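Residue 303 in my numbering sits at position 230 of the sequence shown, with consecutive numbering throughout. Everything on this sheet refers to the single structure shown next.
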Amino acid sequence: MDKVLEVRGLNVSYRRGRKRIHIVRDAEFTLEKGEIIGLVGESGSGKSTLAKAVVGILKPDSGDIVHYAKRPQLVFQDPYSSLNPARTVGWILEEPLKIFGKYDRVERRQRVAAMLGRVGLDAEYMNRKPRELSGGQRQRVAIALALIQEPQLLIADEAISALDVTTGAQLLELIADLRDELSLGIIFITHDLGVVYEICDRVLVMLGGEIVEQGETEALFSNPKHEYTKMLLESAEV
74 MDKVLEVRGL NVSYRRGRKR IHIVRDAEFT LEKGEIIGLV GESGSGKSTL
124 AKAVVGILKP DSGDIVHYAK RPQLVFQDPY SSLNPARTVG WILEEPLKIF
174 GKYDRVERRQ RVAAMLGRVG LDAEYMNRKP RELSGGQRQR VAIALALIQE
224 PQLLIADEAI SALDVTTGAQ LLELIADLRD ELSLGIIFIT HDLGVVYEIC
274 DRVLVMLGGE IVEQGETEAL FSNPKHEYTK MLLESAEV
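This is the structure in structure tokens:
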């Protein structure tokens, strides 16, 4: 397997008044091509901050983030954070292709239609606006927006937590299929350990900004080392 990402000694903090609040402390891990890593932990443990640092939204205080792949992309829990409500789906997906400057209008529309098909939506969705879509459809468009930029690294931050069980299961299947089809490296942030067990190859457990345990999913679930990991698994009854 080829390495997609390497994080070494990563520290991220925020300034609040005169105080500096440390959110991520000495995080270290790697991600391979075609691998899904589950990132779990309680709210406020630093998961989303770590993700934002990896894609470049936040600047770390120290440490190294080494990308071996181009254009890492982030899919948020709420698609409205990444989809322009005033524009059609076609316009939203076509805009990154305009920025690349590689394709004429016909080629851009063809690629948009093909990408919609890849995430399970018909080409006619190009003419709809986000408010005209269901939550699951909007999240599929958000995934298409990330993938149309041809990343090899995708971070899904609670991407199915706001969806109903059936829609969430469909999105999980889609993410797993896209991983296999495109050989993506994926960091999947979630509170749902059942989901982690179902689709993740490895797991990172965060507590208080630190990765307190990491390992292959089966091994970590069957023989957790850290007390916090044991507590998570016991409460989830996985």
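Glycine is no exception: its CB is placed at the ideal position from the N, C-alpha and C atoms. Keep in mind it's a predicted model, so treat the numbers as computed, not measured.
Item checked: Bounding residues of the alpha helix (DSSP H) (the contiguous stretch that carries I165) -> For I165, the enclosing alpha helix (DSSP H) covers residues 162-173.
Note to self: Pairs of beta-carbons, one from the stretch 177-184 and one from the stretch 249-262, closer than 8 Å: are there three or more?
What the structure shows: Judged by Cβ distances under 8 Å, the stretch 177-184 makes no contact with the stretch 249-262, as fewer than three pairs qualify.
Check: Among residues of its own chain, excluding the 5 on either side of Y141, which ones have a beta-carbon nearer than 6 Å to its beta-carbon?
Finding: Within the same chain, and ignoring the five residues on either side of Y141 in sequence, the residues whose Cβ sits closer than 6 Å to its Cβ are K76, V77.
Next item on the list: Report yes or no: do three or more beta-carbon pairs, one from the stretch 234-243 and one from the stretch 91-102, lie closer than 8 Å?
Entry: With the cut-off at 8 Å, the stretch 234-243 and the stretch 91-102 do not touch.
Checklist line | Within the stretch 196-282, ranges of the alpha helix (DSSP H) (whole runs, at least 4 residues) | finding: List check, alpha helix (DSSP H) in window: 208-220, 238-255, 266-272.
Notebook entry, point to check: Can you name the start and end residues of the beta strand (DSSP E) that V139 belongs to?
Noted result: For V139, the uninterrupted beta strand (DSSP E) segment begins and ends at 135-140.
Next item on the list: Within its chain, find whatever has a CB closer than 8 Å to the CB of T290; leave out the 5 residues flanking it on each side and keep chain order.
Entry: Shown here for T290: same chain residues with a beta carbon closer than 8 Å to its own, the five before and five after excluded, namely G111, V269, Y270, C273, D274, R275, V276 in chain order.
Margin query: Looking at the secondary structure, which residues open and close the alpha helix (DSSP H) in which Q190 lies?
Written below: Sequence check: residue 190 is Gly here, not Gln. First-last of the alpha helix (DSSP H) with G190: 178-191.
Checklist line | Cβ-based burial, E231 [other Cβ within 10 Å; buried from 16] | finding: Its Cβ being crowded by 16 or more others within 10 Å, E231 is buried.
Notebook entry, point to check: Who are N296's beta bridge partners in DSSP?
Noted result: According to DSSP, N296 bridges with nothing at all.
Item checked: Coil, strand or helix - L112 by DSSP -> When secondary structure is reduced to three states using DSSP, L112 falls in the strand class.
Check: Cα-Cα, which of G209, M188, Y198, R81 is closest to L218?
Finding: Distances from the alpha-carbon of L218 to those of G209, M188, Y198, R81 put M188 closest.
Check: For S207, which of P133, D151, P224 has the nearest alpha-carbon?
Finding: Minimum Cα-Cα distance from S207 among the listed residues P133, D151, P224 corresponds to D151.
Note to self: For A126, report the span of its alpha helix (DSSP H) as first-last.
What the structure shows: Here the alpha helix (DSSP H) through A126 covers 120-128.
Next item on the list: Could you tell me if G82 is buried or exposed, where buried requires 16 or more neighbouring beta carbons within 10 angstroms of its beta carbon?
Entry: It is exposed - the Cβ of G82 has fewer than 16 other Cβ atoms within 10 Å.
Next item on the list: Would you mind sorting F149 into buried or exposed? The rule is 16 or more other CB atoms within 10 Å of its CB.
Entry: With 16 or more neighbouring CB atoms inside 10 Å of its own CB, F149 falls in the buried class.
Next item on the list: Using a threshold of 7 Å, state whether the C-beta atoms of R211 and P224 are closer than that.
Entry: No, these two residues do not count as a Cβ contact at 7 Å.
Next item on the list: Return the CA-CA distance between M279 and D99, expressed in angstroms with no decimal places.
Entry: In a straight line, the C-alpha of M279 is about 11 Å away from that of D99.
Checklist line | Closest residue to D137 among V80, A215, P145, I172 (Cα-Cα distance) | finding: Closest in C-alpha terms to D137, from the list V80, A215, P145, I172, comes V80.
Next item on the list: Would you decide whether R213 is buried or exposed? Buried here means 16 or more other CB atoms lie within 10 Å of its CB.
Entry: It is buried - the Cβ of R213 has at least 16 other Cβ atoms within 10 Å.
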